[in-house]
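Chemist: If you want this note's numbering, it's the position in the sequence shown, counting the first as 1, plus 2.
All C-beta atoms, glycine included, are put in the ideal place defined by N, C-alpha and C.
From a predicted model like this one, the values you see are computed outputs, not experimental measurements.
Pasting in a structure now, in structure tokens, and then I'll have a few things to ask.
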Amino acid sequence: MTVEEVKIYLKKILKFSTEDLDKLQIFHDELIKFNKKYNLISKSTEKDIWHRHILDSAQLVNYIDFKQNNSLSDMGTGAGFPGVVLAIFNKNPSFHVKLFDKSTVKCGFLDKIRNKINIEYEIFEDYKNEQITSYYVVSRAFKKLEEIIRISREIIKVNHKLIILKGKNAENEINKLKNGANFLYNTVNSITDPESKILFVEIKK
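Written out as structure tokens, the structure is:
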């Protein structure tokens with residue numbers, strides 16, 4: 003998709019507002035500037051941020067109920083994908099978005115974006131010391147599936163749903179999980195890449 007096609011899809015299909023698109027544009031432009039000094043995203047994807055990163059993240063709004071008074075935690079958010087995109091879409095002040103990344107540089111960038119476009123989310127450098135009670139836990143380019151499930155079981159204190167953006171190796175990672183793993187899952191195809199998947203895992207405490 004071209005940039006204009008992505009923006010049309012965001013507005014007409016995913017229901018991002020004109021103001022949301024303006025904020026996404028600022029996010030995009032600041033990311034380009036910041037990436038010149040720090041490696042937040044691969045240089046090879048800089049020309050395709052709208053499709054490769056923004057739309058890929060934005061498609062998750064179809065699977066999250068922002069009307070609930072709940073919270074979402076983005077593990078290993080990096081440059082803010084998908085968490086910042088989801089926070090821009092969120093209009094419910096009682097639905098909280100939390101971003102986790104161990105990099106001080108990336109957390110600094112996320113703080114700059116939060117102030118620049120005036121959106122609400124919390125930033126954490128270390129999930130290990132937090133009492134997380136989010137129902138939605140999202141991740142993109144974080145860790146292997148088995149590790150994500152292990153971490154979520156250890157640190158998330160309530161029943162929760164993992165929503166994981168995975169590449170073409172999604173099914174292989176599922177198959178490599180230990181026999182008898184106690185979870186339910188399903189997958190849908192990503193709209194940005196026919197070989198990529200969105201993986202949903204229900205974690206019961």
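Using DSSP with H/G/I as helix, E/B as strand and the rest coil, what is Asn191?
Modeler: Residue state, collapsed to three classes: strand.
Chemist: Would you tell me roughly how many angstroms separate the C-alpha atoms of Tyr187 and Ser73, rounded to the nearest one?
Modeler: Spanning the two alpha carbons is a distance of roughly 21 Å.
Chemist: Comparing C-alpha positions only, which one of Ser75, Lys118, His53 and Lys145 sits nearest to Glu6?
Modeler: Closest by alpha carbon: His53.
Chemist: Considering only the alpha carbon of each residue, which of Ile150, Phe36, Glu197 and Phe29 lies closest to Val87?
Modeler: Selected option, being the one with the closest Cα: Phe29.
Chemist: Give the secondary structure of Lys272 by DSSP, where H, G and I count as helix, E and B as strand, and everything else as coil.
Modeler: Missing from the structure shown is residue 272; the chain here goes from 3 to 207 and no further.
Chemist: Considering only DSSP beta bridges, list what Lys100 is partnered with.
Modeler: According to DSSP, Lys100 bridges with Ser75 and Glu124.
Chemist: Is DSSP giving Tyr138 helix, strand or coil here?
Modeler: The answer is strand: DSSP assigns Tyr138 an E or B state.
Chemist: Contact defined as beta carbons within less than 8 Å: I believe Lys108 pairs with Leu33. What is the distance between those atoms, to the nearest angstrom?
Modeler: Not confirmed; about 11 Å, so no contact.
Chemist: Who are Glu204's beta bridge partners in DSSP?
Modeler: Answer by DSSP bridge pairing, in chain order: Lys163 and Leu186.
Chemist: Using 10 angstroms around the beta-carbon of Ile115, count the other beta-carbons present and answer buried if the total reaches 16, otherwise exposed.
Modeler: Ile115 comes out buried.
Chemist: How do the region 155-172 and the region 192-207 stand: do at least 3 beta-carbon pairs fall below 8 Å, yes or no?
Modeler: Verdict: yes, contact present.
Chemist: Which residue marks the beginning of the alpha helix (DSSP H) containing Gln133, and which one marks its end?
Modeler: Unbroken run through Gln133: none, as it is neither H nor E.
Chemist: Label Lys9 either buried or exposed according to how many other C-beta atoms from any shown protein chain fall within 10 Å of its C-beta, with 16 as the threshold for buried.
Modeler: So Lys9 ends up on the buried side.
Chemist: How many whole angstroms separate the CB atoms of Thr79 and Asp50, which I take to be in contact at a CB cut-off of 8 Å?
Modeler: The Cβ separation is near 19 Å, so there is no contact.
Chemist: Taking Cβ to Cβ, would you say Val99 is nearer than 9 Å to Glu124?
Modeler: It is a contact, given that the beta carbons lie within the stated cut-off.
Chemist: As a quick exercise: from Phe68, Lys25, Pro84 and Phe111, pick the residue whose alpha carbon is nearest that of Lys39.
Modeler: Checking every option, the nearest Cα to that of Lys39 belongs to Phe111.
Chemist: Among the residues of its own chain, which have a CB less than 7 Å from the CB of Asp22, if the five just before and after it don't count?
Modeler: Hits under 7 Å: Ile90 and Phe91.
Chemist: Closer than 7 Å by C-beta to Ser96: which residues in its own chain qualify, once you throw out the five before and the five after it? Chain order, please.
Modeler: Within the same chain, Ser96 has close Cβ partners Asn71.
Chemist: Name the residue from His162, Glu48 and Lys146 whose alpha carbon lies nearest to the alpha carbon of Asn177.
Modeler: The candidate whose alpha carbon is nearest that of Asn177 is Lys146.
Chemist: Out of Ser44, Ile153 and Ser19, which one is the CA nearest neighbour of Ser133?
Modeler: For the sequence presented, residue 133 should be read as Gln rather than Ser. Comparing Cα-Cα distances from Gln133 to each of Ser44, Ile153 and Ser19, the minimum goes to Ile153.
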